[in-house]
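Chemist: If you're matching positions, the sequence shown starts at 53 in UniProt numbering and goes up one per residue.
Glycine included, each C-beta is placed from N, C-alpha and C at the ideal position.
Fair warning: this is a prediction, and the values are worked out from it, not measured in the lab.
Okay, here's the structure, questions in a sec.
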Amino acid sequence: PPSDRAELIISMTGLADIVLSTLVLAEHEGGLIKNSSLSAVEAAKSLGGDNSISLLLAGSGHSLKEAAEHAASSHPSVSQVLIADSYKFTYPLAEPWAKLVHLVQQSGGYSHIIAASGSFGKNILPRAAALLDISPITDVTKISGSNLFISADCIIRFVSPVPVPIYAGNALSTVRYTGSSPCMLSIRATSFPVASETADLKSNAASIDQVDLSTLDEDESVAKSTYVKLSAQISERPDLGNARIVVSGGRGVKSAENFKMIDKLAEKIGAAVGATRAAVDAGFVPNDLQVGQTGKIVAPELYMAFGVSGAIQHIAGMRDSKVIVAVNKDADAPIFQGAIIPQRPYIPQENTLRPNILVADYGLVGDLFDVIPELLEKLPEK
Ligand code: FAD
53 PPSDRAELII SMTGLADIVL STLVLAEHEG GLIKNSSLSA VEAAKSLGGD
103 NSISLLLAGS GHSLKEAAEH AASSHPSVSQ VLIADSYKFT YPLAEPWAKL
153 VHLVQQSGGY SHIIAASGSF GKNILPRAAA LLDISPITDV TKISGSNLFI
203 SADCIIRFVS PVPVPIYAGN ALSTVRYTGS SPCMLSIRAT SFPVASETAD
253 LKSNAASIDQ VDLSTLDEDE SVAKSTYVKL SAQISERPDL GNARIVVSGG
303 RGVKSAENFK MIDKLAEKIG AAVGATRAAV DAGFVPNDLQ VGQTGKIVAP
353 ELYMAFGVSG AIQHIAGMRD SKVIVAVNKD ADAPIFQGAI IPQRPYIPQE
403 NTLRPNILVA DYGLVGDLFD VIPELLEKLP EK
């Protein structure tokens, strides 16, 4: 065994008999597991090895039962669904959830605990980490394999080199976890997309087990905060965080009335609507549409930005989009850095202007009040 303070890092190869086990904190709505929680399962899968993945669901009554059934058949990598059925979990409050994670970890001894980095995960993980006396790694975008870490006290811990965005997404910090077990992560759901065949899977493979809540029921300290109300926008459009296409408007759209053009375009191509903070602050749209450092993080296949200058705080929320198209009347707007500025009619050309700084892939220098009506006229129905 290593001497008192020595540490030895051994690769997974040859240690296949040591099994990873991950607890995924899952969010559900209307009897269905949210896609972001399935992304957390994808992240757990990418830890590699023989990882046994359990989903932890909490709630009460019929919707929890439905969600558990959905969870059991939601992903081929999930081997167990743990359900905590209590009135204390009717709403996802951080205090009871953190106690629940602590309780389940004590009995399950998981090597990793993972949740998606939405408001649900961000609310619960820090409290649960404090109770477990560990330090969580937040906003993980990639997991590049797992090493086993054996310390002098012979506790096996898991080390995962994971890139985490810092400085509003301008740099990625690669983190190697050397703390005690479990290793707790929040992941960016957009960085761990769920394969479509996985989402359609219907086989009922995972077992469903109840968590014994008797010790939690006696603990009255969990009732320190109470649920008041949920204020949410109800929309038929795709959810901004998971949409394939996002159409965003900035201050250049100029008014809430004009923003209806952005809505119309989104409607026509089956996109979600996003906005900059300037557009939100000016009252054009509600703040749950804000994309960026202090808004939502999106990574659609296509991101279209109209009247958006390209401030770093906005870019931080959409830079992982597969194709970015920007329309701005200012040819020097930062969003055009690195963009192919097409001629009209469009002639594809290699970008030789600023090849090293990339924001938009395609840029159109033009007035959005001309471009959007033209797009509306020329684009086919979705
Ligand atoms: P502007 O920068 O004012 O740009 C408007 C653009 O519209 C200009 O480039 C202009 O040329 C163009 N335009 C005007 N008229 C037309 C027209 N007719 N046709 C075409 N183009 C036109 N911002 C975010 O978006 N998300 C965040 O999460 C966020 N978080 C922040 C956090 C902090 C701590 C701070 C300090 C700032 C944050 N911001 C955030 C604000 C950010 O710095 C910018 O102020 C904001 O993104 C600018 O929004 P905008 O591009 O809509 O506005």
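Tell me the residue span of the beta strand (DSSP E) that contains aspartate 261.
Modeler: By one-based count along the sequence shown, residue 261 stands at place 209. Here the beta strand (DSSP E) through aspartate 261 covers 259-262.
Chemist: On the DSSP bridge list, what partners appear for serine 131?
Modeler: Counting from one through the sequence shown, the residue named residue 131 turns up at place 79. Paired residue(s): none; serine 131 is not in a bridge.
Chemist: When the Cα atoms are used, what is the spatial distance from methionine 356 to isoleucine 387?
Modeler: Counting from 1 along the sequence shown, the entry for residue 356 is found at position 304. Counting from 1 along the sequence shown, the entry for residue 387 is found at position 335. Cα to Cα, the separation comes out at about 11 Å.
Chemist: Under DSSP, the alpha helix (DSSP H) around aspartate 315 begins and ends at which residues?
Modeler: Here residue 315 refers to the residue found at position 263 of the sequence shown. It spans 308-321 - the alpha helix (DSSP H) in which aspartate 315 sits, taken as one unbroken run.
Chemist: Between Ile135, Pro128, Pro352 and Ser129, which has its C-alpha nearest histidine 80's C-alpha?
Modeler: Numbered from 1 along the sequence shown, position 28 holds the residue referred to as residue 80. That would be Ile135, whose Cα lies nearest to the Cα of histidine 80.
Chemist: Taking Cβ to Cβ, would you say serine 131 is nearer than 8 Å to serine 98?
Modeler: For the purposes of this step, residue 131 is identified with residue 79 of the sequence shown, where counting begins at 1. For the purposes of this step, residue 98 is identified with residue 46 of the sequence shown, where counting begins at 1. Not in contact: serine 131 and serine 98 (Cβ atoms no closer than 8 Å).
Chemist: If we ignore side chains and look at the alpha-carbon of each, how far apart do valine 93 and aspartate 422 end up?
Modeler: Mapped onto the sequence shown, residue 93 falls at position 41. Mapped onto the sequence shown, residue 422 falls at position 370. Answer to the nearest angstrom: the Cα atoms are 44 Å apart.
Chemist: Flag lysine 151 as yes if its beta-carbon sits less than 8 Å from any beta-carbon of chain C, otherwise no.
Modeler: Checking the listed chains, one finds no chain C in this structure; it contains a single protein chain.
Chemist: Considering only heavy atoms of the ligand FAD and the C-beta of each residue, which residues fall inside 5 Å, strictly closer?
Modeler: Taking each Cβ in turn, the ones that pass are Gly302, Arg303, Gly304, Thr328, Arg329, Ala330, Gly344, Gln345, Thr346, Gly347, Gly359, Val360, Ser361, Ala363, Gln365, His366, Asn380, Lys381, Asp382, Ala385, Asp419 and Leu420.
Chemist: Assuming alanine 412 and isoleucine 376 form a contact by the criterion Cβ under 8 Å, report the distance between their Cβ atoms to the nearest whole angstrom.
Modeler: Here residue 412 is taken as the residue at index 360 of the sequence shown, counted from 1. Here residue 376 is taken as the residue at index 324 of the sequence shown, counted from 1. Right, the Cβ-Cβ distance comes to about 5 Å (below 8 Å), so this counts as a contact.
Chemist: Based on the DSSP output, what are the partners of glycine 370 in its beta bridges?
Modeler: Here residue 370 refers to the residue found at position 318 of the sequence shown. Just to set this straight, residue 370 is methionine in the shown sequence, not glycine. Answer by DSSP bridge pairing: none, since methionine 370 is not bridged.
Chemist: Using the C-alpha atoms, what's the distance from threonine 193 back to residue 5?
Modeler: An answer regarding residue 5 cannot be provided, because it is not within the stretch 53 to 434 covered by the chain.
Chemist: Could you check the C-alpha separation between serine 88 and threonine 267 for me, to the nearest Å?
Modeler: To locate residue 88, count along the sequence shown from 1; it is residue 36. To locate residue 267, count along the sequence shown from 1; it is residue 215. Cα to Cα, serine 88 sits roughly 30 Å from threonine 267.
Chemist: Cα separation between glutamate 270 and serine 283?
Modeler: Numbered from its first residue, the sequence shown carries residue 270 at position 218. Numbered from its first residue, the sequence shown carries residue 283 at position 231. Going by the C-alpha atoms only, they are around 31 Å apart.
Chemist: Hey, is the segment 288-305 in contact with the segment 142-155, meaning 3+ C-beta pairs nearer than 8 Å?
Modeler: No: fewer than three Cβ pairs fall under 8 Å.
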